Amino acid sequence: MDVYLPLRQALAPLPAATRGWLRRVIRAAEHAGVPLYLVGGYVRDRLLERPSLDLDLVLEGDAIAFGRRVQRALGGALTVHKAFGTAVWQLPAQRGLPVFVDLISARREQYAHPGALPTVEFAPLVEDQFRRDFTINTLALRLDGPHAGQILDAWGGLADLRAGVIRVLHEHSFSDDPTRILRALRFSGRLGFALERQTRRQLRANLPQLEAVSGERIYKELELILLEPQREAMLLALQRYKVLAAISPGLRFDARRAAGLARSRPPEPEWELSTTPAQLGFTLWFAQLRPAAAMAAATRLRFSSSVTEAVLAATRLQAQAARLAALPVSAFTQYMDSMPRLALYSAYVLQPRGRYRNRLLRYVKEWRHVQPYTRGAELLRRGLTPGPAYKSILYQLRAAWLDGKLKTQAQEQALLAQLLAQQSGAGDEQH
């Protein structure tokens with residue numbers, strides 16, 4: 001059943017600049033005689049009265065050719081994906097405009113095997129809707145001509161939207177693209193919708209198909225989940241449906257890990273930490289796994305080497321919390337000096353209170369900055385050749401400051417003289 005939503009009302013939540021830009025695109029489509037639709041996320045969210053800037057434009061025709069015309073007229077840059085009949089339009093930098101808009105040719109898709117990328121060919125809009133993941137994402141809003149404002153609903157999306165249901169369009173949906181398993185639970189968590197009974201059955205039946213999906217694609221889906229406000233609930237759903245174990249056998253998420261992830265906050269400036277919210281989320285989550293399981297999952301998801309290093313370091317910091325909290329300040333500082341900052345911050349976040357958390361914060365704010373007055377140049381002047389002894393003396397001076405054994409520069413000089421004498425005596429004995 002098709003319904004109408006006046007275009008002015010449909011587009012009202014968009015920023016004024018975006019509405020103006022979209023009107024120019026609509027005029028270009030009318031001039032070219034190409035039917036133009038807004039599809040998927042924006043239409044779904046507009047009907048649910050949820051905010052959205054998810055603008056996907058579908059044309060019954062050649063989206064690439066149309067994209068080149070409007071890009072020349074309106075500016076920006078166009079990235080073409082010829083095999084898919086799509087283009088990504090990066091709009092000119094302007095307040096109120098989206099950064100990217102997808103231009104999509106209405107098409108049908110065929111999958112050679114589970115997890116494969118599809119082969120595509122142009123098709124009517126109704127077939128394009130059928131290739132989508134869930135019925136609620138098939139809705140299309142006509143933008144051009146006398147039919148502007150018509151919402152095309154060929155696959156029952158409106159009924160499922162009203163009922164609060166996530167439903168796949170056909171029994172091969174999850175085998176065609178197993179990442180839809182993760183998307184189903186992401187949309188369920190975001191919208192508060194239930195999985196339809198047959199969709200639940202098909203999801204469970206197709207869990208083994210995730211093995212054929214590349215780590216990069218699964219990483220991207222989990223990254224999107226970690227950026228959601230309801231991410232803990234979504235990950236718990238992935239655990240409940242055994243999706244995580246299908247991705248990597250030791251990958252787990254439970255209420256304890258959810259509590260740790262929920263404590264995440266953007267790091268304060270003193271942490272000097274450059275990371276993304278998703279990288280922090282992955283590290284907080286994986287730090288609570290067994291090291292072997294964390295390593296296996298990081299490898300499966302093709303983590304970067306720096307994030308993998310941070311994850312493994314964070315698992316050690318978690319496992320050794322009691323021992324590290326009891327170390328002298330100097331030994332604690334020396335150990336933390338070798339840790340990636342992302343691992344340190346993750347360990348700090350995962351400790352809600354206590355001596356270990358306080359020590360991690362003091363390390364970042366104070367202890368890591370402590371250095372003796374003595375520098376290598378002075379040791380050279382005193383005739384000491386760079387080497388293990390050289391490094392040992394500088395370490396012992398720093399350790400004395402950190403452990404509260406030194407209070408003044410004069411005391412440091414006295415300790416330095418003592419250490420140099422010991423070094424000289426050791427050298428004489430060797431001769």
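So the sequence shown is residues 1 to 431, counted in our numbering. Just so it is clear, CB atoms sit at the ideal spot from N, CA and C, and this is done for glycine as well. Only a predicted model underlies this, so the values are computations on that prediction, with no experimental measurement involved.
Handout entry: Where D177 sits in the DSSP three-state scheme
Key = Residue numbering aside, residue 177 sits at position 177 when the sequence shown is read from its first letter. Three-state DSSP puts D177 in coil, outside helix and strand.
Practice task
Figure out for me which residue from L284, G260, H113 and V120 has the closest Cα to the Cα of N206.
Solution key: Counted from its first residue, the sequence shown places residue 206 at position 206. Taking each of L284, G260, H113 and V120 in turn and checking the Cα distance to N206, the smallest one comes out for H113.
Problem - Selection from Y345, R290 and R204 that minimises the alpha carbon distance to E270 - result: For the purposes of this step, residue 270 is taken as residue 270 along the sequence shown, with counting starting at 1. Minimum Cα distance to E270 is reached at Y345.
Exercise for the section: Quick one: using the 10 Å Cβ neighbour count with 16 as the cut-off for buried, is H431 buried or exposed? Expected result: Position 431 of the sequence shown, counted from the first residue, corresponds to residue 431. Per-residue confidence for H431 stands at a pLDDT of 48, beneath the threshold of 50, marking its modelled position as unreliable; the derived number appears in the next sentence. H431 comes out exposed.
Exercise for the section: Quick one: residues in its chain with C-beta nearer than 6 Å to the C-beta of T315, no 5 flanking neighbours on either side, listed in chain order? Expected result: The residue given as residue 315 occupies position 315 in the sequence shown. Exclusion of the five residues before and after T315 leaves A287, P291 and A294 as the residues of its chain whose Cβ lies within less than 6 Å of its Cβ.
Problem - Endpoints, the beta strand (DSSP E) within which L251 is located - result: As a first step, residue 251 is located in the sequence shown; it is residue number 251 there, counting from the start. Where L251 is concerned, there is no enclosing beta strand (DSSP E), because DSSP gives it neither an H nor an E.
Problem - CB contact flag (E221, T179, <9 Å) - result: Here residue 221 refers to the residue found at position 221 of the sequence shown. Here residue 179 refers to the residue found at position 179 of the sequence shown. Between E221 and T179, the gap from beta carbon to beta carbon is short of 9 Å.
Problem - T86 in three-state terms, based on DSSP - result: For the purposes of this step, residue 86 is identified with residue 86 of the sequence shown, where counting begins at 1. In the structure shown, T86 adopts extended strand secondary structure according to DSSP, grouped into three states.
Exercise for the section: Please state whether DSSP places V34 in a helix, a strand or coil. Expected result: As a first step, residue 34 must be located in the sequence shown, where it is residue number 34. It is coil, neither helix nor strand.
Handout entry: Contact under 9 Å by Cβ, V25 with L57
Key = The sequence position of residue 25 within the sequence shown is 25, counting from 1. The sequence position of residue 57 within the sequence shown is 57, counting from 1. Result yes, Cβ atoms of V25 and L57 sit closer than 9 Å.
Handout entry: Boundaries of the beta strand (DSSP E) in which Q150 is found, first to last residue
Key = Your numbering for residue 150 matches position 150 in the sequence shown. In the DSSP annotation of this structure, the continuous segment of the beta strand (DSSP E) that includes Q150 starts and ends at Q150 to L152.
Handout entry: Nearest neighbour of L103, chosen from L97, Y111, A65 and R341 [CA to CA]
Key = Working through the sequence shown from its first residue, we reach residue 103 at position 103. Comparing alpha-carbon positions, the option among L97, Y111, A65 and R341 lying closest to L103 turns out to be A65.
Handout entry: Residues near A123 in its chain [Cβ-Cβ closer than 8 Å; skip 5 each side]
Key = Residue numbering aside, residue 123 sits at position 123 when the sequence shown is read from its first letter. Sequence-distant Cβ neighbours of A123 in its own chain, meaning closer than 8 Å and more than five residues away, are A106, R107 and R108.
Problem - Local conformation of Y395 per DSSP, three classes - result: Your numbering for residue 395 matches position 395 in the sequence shown. In the structure shown, Y395 sits in a helix (DSSP, three-state: H, G or I).
Practice task
Would you mind sorting P134 into buried or exposed? The rule is 16 or more other CB atoms within 10 Å of its CB.
Solution key: Here residue 134 corresponds to residue number 134 of the sequence shown, with the count starting at 1. The sequence given here has Phe at residue 134, not Pro. F134 comes out buried.
Exercise for the section: Please report how far the alpha carbon of L397 lies from the alpha carbon of P372, in whole angstroms. Expected result: Sequence index remark: in the sequence shown, residue 397 carries index 397 (1-based). Sequence index remark: in the sequence shown, residue 372 carries index 372 (1-based). In this structure, the straight-line span from the alpha carbon of L397 to that of P372 is close to 6 Å.
Handout entry: Between the CA atoms of A347 and N358 - distance to the nearest angstrom
Key = Along the sequence shown, read from residue 1 onward, the residue named residue 358 stands at position 358. Along the sequence shown, read from residue 1 onward, the residue named residue 347 stands at position 347. If you take the alpha carbons of N358 and A347, they lie about 11 Å apart.
Handout entry: Where F100 falls, given that 16 or more other Cβ within 10 Å makes a residue buried
Key = By one-based count along the sequence shown, residue 100 stands at place 100. The residue is exposed, with fewer than 16 neighbouring Cβ atoms inside 10 Å.
Practice task
Please decide whether L182 counts as near chain D, where near means a Cβ-Cβ distance under 9 Å.
Solution key: Reference to chain D is not applicable here, since this structure consists of a single protein chain.
Practice task
Would you kindly work out how many angstroms separate the C-alpha atoms of P208 and Y219, rounded to a whole number?
Solution key: Here residue 208 refers to the residue found at position 208 of the sequence shown. Here residue 219 refers to the residue found at position 219 of the sequence shown. P208 and Y219 have their C-alpha atoms roughly 17 Å apart.
Handout entry: Three-state secondary structure (DSSP) of D45
Key = As a working note, residue 45 is residue 45 in the sequence shown. Three-state DSSP puts D45 in a helix.
Problem - Spatially closest choice to L284 from R263, E272 and L273, by CA coordinates - result: Within the sequence shown, numbered from 1, the residue matching residue 284 stands at position 284. The option with the nearest alpha carbon to L284 is R263.
Exercise for the section: Go ahead and pull the three-state DSSP assignment for A123. Expected result: The count along the sequence shown starts at 1 and reaches residue 123 at position 123. For A123, the three-state secondary structure derived from DSSP is coil.
Handout entry: Nearest-angstrom Cβ-Cβ length linking T138 and I166, presumed shorter than 8 Å
Key = Residue mapping note: residue 138 aligns to position 138 of the sequence shown, counting from 1. Residue mapping note: residue 166 aligns to position 166 of the sequence shown, counting from 1. Actually they do not touch by this definition, with Cβ atoms about 12 Å apart.
Handout entry: Check whether A154 and Y37 have beta carbons under 9 Å apart
Key = Along the sequence shown, one-based indexing puts residue 154 at 154. Along the sequence shown, one-based indexing puts residue 37 at 37. For A154 and Y37, no; Cβs fall outside 9 Å.
Exercise for the section: Flag this pair as touching only if the segment 299-310 and the segment 324-335 have three or more C-beta atom pairs under 8 Å; answer yes or no. Expected result: Not touching, per the Cβ criterion.
Exercise for the section: In the DSSP assignment, find the alpha helix (DSSP H) that holds E309 and state where it starts and stops. Expected result: Translated into the one-based positions of the sequence shown, residue 309 becomes position 309. Note, E309: alpha helix (DSSP H), S305 to A319.
Handout entry: Residues bridged to Q110 [DSSP beta-bridge criterion]
Key = Residue numbering aside, residue 110 sits at position 110 when the sequence shown is read from its first letter. DSSP lists T119 as the beta-bridge partner residues of Q110.
Problem - Whole-angstrom distance between E127 and P277, CA atom to CA atom - result: Position 277 of the sequence shown, counting from 1, holds the residue named residue 277. Position 127 of the sequence shown, counting from 1, holds the residue named residue 127. Cα to Cα, the separation comes out at about 37 Å.
Handout entry: DSSP-derived helix/strand/coil call for H431
Key = As a first step, residue 431 must be located in the sequence shown, where it is residue number 431. Low local confidence applies: a pLDDT of 48 at H431 is under 50, so the model's placement there is unreliable, and no value is given.
Practice task
In the DSSP assignment, find the unbroken beta strand (DSSP E) run with L141 in it and report its ends.
Solution key: Here residue 141 is taken as the residue at index 141 of the sequence shown, counted from 1. From DSSP, the beta strand (DSSP E) with L141 extends over A140 to R142.
Handout entry: Identity of the residue in D62, G61 and R46 nearest L55 by Cα
Key = Your numbering for residue 55 matches position 55 in the sequence shown. Looking from the CA of L55, the closest CA among D62, G61 and R46 belongs to R46.
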